[in-house]
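Numbering (the working numbering), first residue to last: 31 to 248.
Even glycine gets a Cβ: it sits at the ideal position worked out from N, Cα and C.
All values reported here derive from a predicted model rather than from experimental measurement.
Taking it in order: structure first as structure tokens, then the write-up.
Now the structure itself:
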């Protein structure tokens, strides 16, 4: 029996512990969110650890995982350990600490309406009737998928026509945070000696973590 130990969505410190469920072919990993039935209601839980081919016996039936909500873990082991440390040194529960680490659309929630979804498009069949339709369709083929909002910007009328003709498919998927590269620009200000020292420490670090002291927003 494959077992998963997880923290359940809750607001009560008395429930601040892991609960055990079983899973079968699902791709369950630590750091992923799963949907389970807890106290006769469906809840979101964060996977803390798993046991493969466990021989443990229980005096009660072990409920199964209903659904794995993530393709990849949304939390790594370092963040999970940090949440446990926070729960021991503060009045926070582990699940509250985990929630504080995530963007709003990934916070544990029993309501599917709170999960942010986005519309995307992908090519299906080349049944284009005009040159403009063919050009837009070929561009979508070259990029494979793109957000519907960006797709609309290319040409509102042609994009809609391709959707009506079933040349492309519009589908929904959970929104993910986009990681953008930060562009380096020359500083327009003359730095003070202390600021120059801080910049030097950042560019030539001797430690993994650097703490900066300054006025908020500076």
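#1: Check residue 116 in the structure and name its three-state DSSP category.
#2: Mind checking which residues open and close the alpha helix (DSSP H) that includes residue 224?
#3: Mind checking whether residue 65 and residue 49 have CB atoms under 8 angstroms apart?
#4: Near residue 119, what residues of its chain come up, given a Cβ to Cβ distance below 8 angstroms and the 5 sequence neighbours on each side ignored?
#5: Is there a Cβ from chain E that is less than 8 angstroms from the Cβ of residue 107?
#6: Using a Cβ-Cβ cut-off of 7 angstroms (strictly less than) and excluding sequence neighbours within five positions of residue 215, which residues of its own chain qualify?
#7: Going by DSSP, what residues sit across from residue 63 in a beta bridge?
#8: In whole angstroms, what separates the C-alpha of residue 236 from that of residue 112?
#9: How many Å lie between residue 59 and residue 179 at the Cα?
#10: Sorted by chain position, which residues of the same chain lie with C-beta nearer than 8 angstroms to residue 242's C-beta, five sequence neighbours on each side aside?
#11: For the beta strand (DSSP E) holding residue 38, just list the boundary residues, first then last.
#12: From the DSSP output, in three-state form, read off residue 108 for me.
#13: Compute the Euclidean distance between the alpha carbons of residue 184 and residue 212, then round it to the nearest angstrom.
#14: According to DSSP, is residue 140 helix, strand or coil?
#15: Name the one or two DSSP bridge partners that residue 53 has.
#16: When the Cα atoms are used, what is the spatial distance from residue 26 to residue 187?
#17: Using the beta-carbon count (16 or more within 10 Å), is residue 231 buried or exposed?
#18: Would residue 32 and residue 68 be called neighbours here (beta carbons separated by less than 8 angstroms)?
#19: Are the CB atoms of residue 62 and residue 100 nearer to each other than 8 angstroms?
#20: Using C-beta distances below 6 angstroms, list every residue in its chain close to residue 131, excluding the 5 sequence neighbours before and after it, in chain order.
#21: Whose C-beta lies closer than 7 angstroms to the C-beta of residue 174 among residues of the same chain, with five residues either side of it excluded?
#22: Measure the alpha-carbon distance for residue 103 versus residue 77 and round it to whole angstroms.
With the structure as the only source:
#1: Taking the first residue of the chain shown as position 1, residue 116 is located at position 86. DSSP places residue 116 in helix when its eight states are reduced to three.
#2: The residue given as residue 224 occupies position 194 in the chain shown. 223-233 is the span of the alpha helix (DSSP H), which, as asked, contains residue 224.
#3: Residue mapping note: residue 65 aligns to position 35 of the chain shown, counting from 1. Residue mapping note: residue 49 aligns to position 19 of the chain shown, counting from 1. No, the Cβ-Cβ distance between residue 65 and residue 49 is not below 8 angstroms.
#4: In the chain shown, residue 119 corresponds to position 89, counting from 1. Same-chain partners within the cutoff: there are none.
#5: In the structure shown, chain E cannot be found, because there is only a single protein chain.
#6: Stepping through the chain shown from its first residue, residue 215 is reached at position 185. For residue 215, where only same-chain residues beyond five positions count, there are no Cβ hits under 7 angstroms.
#7: For the purposes of this step, residue 63 is taken as residue 33 along the chain shown, with counting starting at 1. Paired residues: 76.
#8: Here the question's residue 236 lines up with position 206 in the chain shown. Here the question's residue 112 lines up with position 82 in the chain shown. Cα to Cα, residue 236 sits roughly 23 angstroms from residue 112.
#9: Taking the first residue of the chain shown as 1, we reach residue 59 at position 29. Taking the first residue of the chain shown as 1, we reach residue 179 at position 149. If I take the Cα positions, the gap works out to 33 angstroms.
#10: Translated into the one-based positions of the chain shown, residue 242 becomes position 212. Taken in chain order, the residues that qualify are 228.
#11: Along the chain shown, read from residue 1 onward, the residue named residue 38 stands at position 8. Here the beta strand (DSSP E) through residue 38 covers 32-38.
#12: Stepping through the chain shown from its first residue, residue 108 is reached at position 78. In this structure, residue 108 counts as helix in the three-state DSSP scheme.
#13: As a position in the chain shown, residue 184 is number 154, starting the count at 1. As a position in the chain shown, residue 212 is number 182, starting the count at 1. Rounded to the nearest angstrom, the two C-alpha atoms are 26 angstroms apart.
#14: Taking the chain shown and counting its residues from 1, the one referred to as residue 140 is at position 110. Legend: pLDDT at residue 140 = 45, less than 50; position of this residue unreliable, value from coordinates given subsequently. In the three-state reduction of the DSSP assignment, residue 140 falls in the coil class, being assigned neither a helical nor a strand state.
#15: The residue you call residue 53 lines up with position 23 of the chain shown. DSSP, once it has assigned bridges, lists 32 as partnering residue 53.
#16: Outside the shown range of the chain, which is 31 to 248, sits residue 26, and nothing can be said about it.
#17: Indexing the chain shown from 1 puts residue 231 at position 201. So residue 231 ends up on the exposed side.
#18: Taking the chain shown and counting its residues from 1, one reaches residue 32 at position 2. Taking the chain shown and counting its residues from 1, one reaches residue 68 at position 38. Taking 8 angstroms as the Cβ cut-off, residue 32 and residue 68 do not qualify as a contacting pair.
#19: In the chain shown, residue 62 corresponds to position 32, counting from 1. In the chain shown, residue 100 corresponds to position 70, counting from 1. The answer is yes: Cβ separation under 8 angstroms.
#20: Walking along the chain shown from the start, residue 131 turns up at place 101. Excluding positions up to five away in sequence, the list reads 109.
#21: Along the chain shown, one-based indexing puts residue 174 at 144. If we look at residue 174 and ignore the five residues flanking it on each side, its Cβ neighbours are 152.
#22: By one-based count along the chain shown, residue 103 stands at place 73. By one-based count along the chain shown, residue 77 stands at place 47. Each residue's Cα considered, the two are about 9 angstroms apart.
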